[in-house]
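Read through the structure below, which is laid out as structure tokens, and then see the notes.
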Amino acid sequence: MSVPFVLAPLAALSHRALRQLIYEFGGCDEYFSEMLSAPSLLAANPLESYYLDAGPVPEQLVYQIVGSDPEVLAQAAALLDERDCRGIDLNMGCSAPEIVRIGAGVWWMDHPDEAFALAGKLRKAIRRHRFSVKLRLGSDENLDRLVYFCRGLEREGVDLITVHPRTSKEKLKRRARWTAVEVVKEALSIPVAGNGDIEDASQLVHRARSGCDAVMVGRAAVRAPWIFAEARALEQAEHVMAEPSTAELATAEPRDIDLLAVADRFLELLELYQPPEYFESRSKKFFLYFCENLTWAHHVRTLLGRETERRGMMWVLENYFAQESQDRHVSIPSIPIIPGPSSTVP
Ligand SMILES: Cc1cc2nc3c(=O)[nH]c(=O)nc-3n(C[C@H](O)[C@H](O)[C@H](O)COP(=O)(O)O)c2cc1C
Numbered sequence: 002m003s004v005p006f007v008l009a010p011l012a013a014l015s016h017r018a019l020r021q022l023i024y025e026f027g028g029c030d031e032y033f034s035e036m037l038s039a040p041s042l043l044a045a046n047p048l049e050s051y052y053l054d055a056g057p058v059p060e061q062l063v064y065q066i067v068g069s070d071p072e073v074l075a076q077a078a079a080l081l082d083e084r085d086c087r088g089i090d091l092n093m094g095c096s097a098p099e100i101v102r103i104g105a106g107v108w109w110m111d112h113p114d115e116a117f118a119l120a121g122k123l124r125k126a127i128r129r130h131r132f133s134v135k136l137r138l139g140s141d142e143n144l145d146r147l148v149y150f151c152r153g154l155e156r157e158g159v160d161l162i163t164v165h166p167r168t169s170k171e172k173l174k175r176r177a178r179w180t181a182v183e184v185v186k187e188a189l190s191i192p193v194a195g196n197g198d199i200e201d202a203s204q205l206v207h208r209a210r211s212g213c214d215a216v217m218v219g220r221a222a223v224r225a226p227w228i229f230a231e232a233r234a235l236e237q238a239e240h241v242m243a244e245p246s247t248a249e250l251a252t253a254e255p256r257d258i259d260l261l262a263v264a265d266r267f268l269e270l271l272e273l274y275q276p277p278e279y280f281e282s283r284s285k286k287f288f289l290y291f292c293e294n295l296t297w298a299h300h301v302r303t304l305l306g307r308e309t310e311r312r313g314m315m316w317v318l319e320n321y322f323a324q325e326s327q328d329r330h331v332s333i334p335s336i337p338i339i340p341g342p343s344s345t346v347p
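Counting from 2, one number per residue, gives the positions in the sequence shown under our numbering.
Structure, rendered in structure tokens:
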């Protein structure tokens with residue numbers, strides 16, 4: 002069985018609309034929610050229902066929580082544990098200054114004893130679901146310290162750890178160091194997922210063979226929501242080459258993806274699944290990455306930035322593709338993908 006593919010937690014991006022779009026391309030094996038603030042969850046803000054939407058496939062949805070107060074985090078985890086989902090993940094990797102300042106995200110990695118106590122507390126609060134942690138390298142590249150930290154979490158009953166191998170201070174420019182994923186995998190008995198810098202479907206296939214238990218993709222899945230389907234098709238194509246009995250599948254025509262239609266569908270899904278007051282900011286966040294498919298990405302982003310509604314945004318894109326028609330279509334291998342779980346993260 003193939004290693005599972007996972008959509009990363011992405012604030013303001015991995016909401017229901019993006020997950021639905023990915024699902025319609027053939028899906029992935031697990032979808033992380035955006036990070037959910039534990040105090041906001043408990044305050045039951047009316048907008049929380051949008052964050053709690055577990056669609057399109059609740060049993061493949063992992064809720065990620067972030068926070069600084071162990072008691073509040075435990076209550077939020079218990080609340081999520083009542084819902085249908087695949088699991089609950091604790092964010093120990095976010096390095097945004099406003100998160101670290103309040104003692105949340107990667108702050109926990111600099112305070113191992115407090116982090117272990119928190120993990121033990123959440124383990125007790127999460128009775129029905131898988132409990133995972135997503136983290137970074139920590140404050141430097143000391144892998145012994147990273148392993149010590151991960152072993153501590155394992156001891157407290159964490160079921161799975163995702164390593165995004167960058168230090169707390171690093172922005173996304175410096176490359177992720179996947180050797181750290183291998184080192185953690187080697188040191189632990191629980192499953193370990195790897196994440197960072199996968200840019201296309203062939204890199205995803207390559208990382209899926211690196212020995213970790215699941216592979217997580219963030220930004221590339223926003224730019225190319227078909228990346229998981231394409232990677233599965235590549236894997237299956239290799240299988241076809243090796244297995245003459247399935248050779249008829251090899252004759253499938255490549256699948257054409259119309260970027261204008263993808264953008265239109267995404268905006269439609271945003272209207273359907275997100276509050277109207279989020280439409281503008283979330284569409285722009287999406288286009289930040291999606292426009293990387295275009296030759297004149299910067300120019301198109303600027304034009305889209307002036308629009309506030311779907312019609313105006315589509316008008317910008319229609320005009321662009323009328324002039325740059327070669328940018329409009331992408332072709333990927335088309336061996337049929339059946340929506341739904343094809344692999345399960347342990
Ligand atoms: C816009 C954006 C939002 C993110 N939000 C979260 C988040 O809410 N929780 C989290 O654990 N990581 C978050 N991350 C980190 C990603 O999950 C992932 O670790 C990182 O982008 C590296 O993976 P990639 O190279 O595949 O994008 C975010 C990253 C980006 C770019």
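Glycine is no exception: its CB is placed at the ideal position from the N, C-alpha and C atoms.
Note that the structure is predicted; figures quoted are calculated from it, not measured.
Range of the contiguous beta strand (DSSP E) that encloses residue i
i, result
"E157", "Note, E157: premise wrong, no beta strand (DSSP E); not H, not E."
"N397", "The structure shown does not extend to residue 397, since the chain is modelled only from 2 through 347, so no value can be given for it."
"E31", "E31 to S38"
"H207", "Run containing H207: none in the beta strand (DSSP E); it sits in the alpha helix (DSSP H), A202 to A209."
Residue i versus residue j - alpha carbon distance
i, j, result
"E25", "M217", "19 angstroms"
"L48", "A55", "14 angstroms"
"Y64", "S15", "11 angstroms"
"P276", "E310", "13 angstroms"
"L268", "H299", "20 angstroms"
"S169", "F280", "31 angstroms"
"R178", "R312", "42 angstroms"
"C151", "L37", "23 angstroms"
"I1", "R224", "Given a span of 2 to 347 for the chain in the structure shown, any question on residue 1 remains unanswerable."
"Q76", "D145", "32 angstroms"
"F33", "P255", "29 angstroms"
"L189", "V317", "50 angstroms"
"A120", "R266", "40 angstroms"
"Q327", "G28", "27 angstroms"
"R156", "L295", "47 angstroms"
"S335", "F287", "25 angstroms"
"V241", "D257", "21 angstroms"
"A243", "E278", "51 angstroms"
"V159", "H330", "43 angstroms"
"Q21", "L273", "11 angstroms"
Residues sharing a beta bridge with residue i, DSSP
i, result
"L189", "Answer by DSSP bridge pairing: none, since L189 is not bridged."
"Q65", "M36 and D90"
"G139", "T168"
"H330", "D259"
"L8", "Y32 and V218"
"R131", "G88"
"N196", "M217"
Residue i beta carbon near ligand 3 (any heavy atom closer than 7 angstroms)
i, result
"R220", "The model on display carries ligand 1 but not ligand 3."
First through last residue of the alpha helix (DSSP H) which encompasses residue i
i, result
"A120", "P113 to A126"
"L19", "R17 to E25"
"R283", "F280 to F291"
"L305", "A298 to G306"
"I346", "Strictly speaking, residue 346 in this sequence is Val, with Ile absent from that position. No alpha helix (DSSP H) contains V346, which DSSP labels as neither H nor E."
"M110", "Neither: M110 is in no alpha helix (DSSP H) and is coded neither H nor E."
"A78", "P71 to D82"
"S50", "E49 to L53"
Contact test: residue i Cβ vs ligand 1 heavy atom, cutoff 7 angstroms
i, result
"A78", "no"
"G139", "no"
"D30", "no"
"A9", "yes"
"K174", "no"
"M36", "yes"
"A39", "no"
"I199", "yes"
"L14", "yes"
"H349", "Residue 349 lies beyond the range of the chain shown here (2 to 347); nothing can be said about it."
"C151", "no"
"C213", "no"
(request) Spell out a yes or no on whether the segment 228-236 and the segment 189-207 are touching, meaning 3 or more CB-CB pairs, one atom from each, closer than 8 angstroms. (result) yes
(message) With three or more C-beta pairs closer than 8 angstroms as the rule, is the segment 123-130 touching the segment 93-108?
(response) no
(request) Mind the definition here: the segment 83-90 touches the segment 101-114 only if three or more C-beta pairs lie below 8 angstroms; say whether that holds. (result) no
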